[in-house]
Amino acid sequence: MRRTLLTPLLAMVLTGCSFLGPDTPCTEADADSQVSAVWQPADFGGRDAARIRLCVDGSCEERASGSPDDPFATLAVQLPDDIGASTVPVRLTVTSVKSGEKVVEDSAQAKLTEQHPNGASCSPTVWTATFRAHPDKGLTSPKGLKLQD
């Protein structure tokens, strides 16, 4: 009798099955490896008062700063998905639309962190880093950034 119960249980364990049901299914969220910057548009003046440019390892993206009515805005530079746990150079430039002057220039090294948006054993595996674009401090940690009013 013992052998009759242990054999199927052992087979389930060895094949990764659970007697409580299948493992948690993977979700289908899509994600990309990237370095991103978030900011509060009101920090940079009126609607689209500044141009935000983010460069990562030679690739750049740019956009307007956004509406001060929005709690936050974001800009991301995509990276190859197979970049792995590396460190990449990041450069932020914020330019006043009115005067054309650079109001923020900063650079940093981004240590990419492994992410599994669909679950630990599910694809894709992406590598990300996020900074806050601060009007006085440049590239800072996004910790403590209030994303809602």
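Going left to right, the sequence shown walks through residues -20 to -1, 1 to 129 as mature numbering (1 follows the signal peptide of the UniProt record, and there is no 0) numbers them. Every residue gets a Cβ at the ideal spot worked out from N, C-alpha and C, and that includes glycine. For clarity, every value in this text was computed on a predicted model and none was experimentally measured.
**Request:** Determine the direct distance from the alpha carbon of L72 to that of residue 178, and round the result to whole angstroms.
**Result:** Missing from the structure shown is residue 178; the chain here goes from -20 to 129 and no further.
**Message:** Do A11 and P97 count as a contact pair if the criterion is CB distance below 8 Å?
**Reply:** One-based indexing of the sequence shown puts residue 97 at position 117. One-based indexing of the sequence shown puts residue 11 at position 31. In this structure, A11 lies closer than 8 Å to P97 by Cβ.
**Prompt:** Whole-angstrom Cβ separation of A113 and S76, contact assumed at under 8 Å?
**Reply:** Position 133 of the sequence shown, counting from 1, holds the residue named residue 113. Position 96 of the sequence shown, counting from 1, holds the residue named residue 76. With 8 Å as the limit, A113 and S76 do not qualify as a contact, their Cβ atoms being about 14 Å apart.
**Request:** Say whether the region 87 to 101 touches the region 39 to 58, bearing in mind that this needs 3 or more beta-carbon pairs closer than 8 Å, one atom from each stretch.
**Result:** no
**Beta carbon of D61 nearer than 8 Å to that of V15** = Residue numbering aside, residue 61 sits at position 81 when the sequence shown is read from its first letter. Residue numbering aside, residue 15 sits at position 35 when the sequence shown is read from its first letter. Going by C-beta atoms, D61 is not nearer than 8 Å to V15.
**Prompt:** DSSP beta-bridge partners for D86?
**Reply:** Start at 1 with the first residue of the sequence shown, and residue 86 comes out as number 106. For D86, which the question treats as bridged, DSSP gives the partners L72.
**With 16 other Cβ atoms within 10 Å as the buried cut-off, status of R27** = Along the sequence shown, read from residue 1 onward, the residue named residue 27 stands at position 47. R27 is exposed by the Cβ-count criterion.
**Classification of S45 by the beta-carbon crowding that lies within 10 angstroms, buried from 16 upward** = Within the sequence shown, the letter at position 65 stands for residue 45. Counting Cβ neighbours within 10 Å, S45 comes out buried, since at least 16 surround it.
**Message:** Using only the alpha-carbon positions, how far apart do L125 and P69 sit?
**Reply:** As a working note, residue 125 is residue 145 in the sequence shown. As a working note, residue 69 is residue 89 in the sequence shown. The alpha-carbon atoms of L125 and P69 are separated by roughly 23 Å.
**Prompt:** Per DSSP, which one or two residues make a beta bridge with E8?
**Reply:** To locate residue 8, count along the sequence shown from 1; it is residue 28. The partner list for E8 (beta bridge, DSSP) is empty, contrary to what the question assumes.
**Residue(s) in a DSSP beta bridge with E81** = By 1-based counting over the sequence shown, the position of residue 81 is 101. Its beta-bridge partners do not exist; DSSP assigns none.
**Request:** Would you kindly work out how many angstroms separate the C-alpha atoms of V84 and P5, rounded to a whole number?
**Result:** Mapped onto the sequence shown, residue 84 falls at position 104. Mapped onto the sequence shown, residue 5 falls at position 25. Those two C-alpha atoms are separated by around 45 Å.
**Request:** Return the residue from the list K78, E8, A9 and A22 that minimises the CA-CA distance to P115.
**Result:** Walking along the sequence shown from the start, residue 115 turns up at place 135. Looking at the Cα atoms, A22 is the closest of the given residues.
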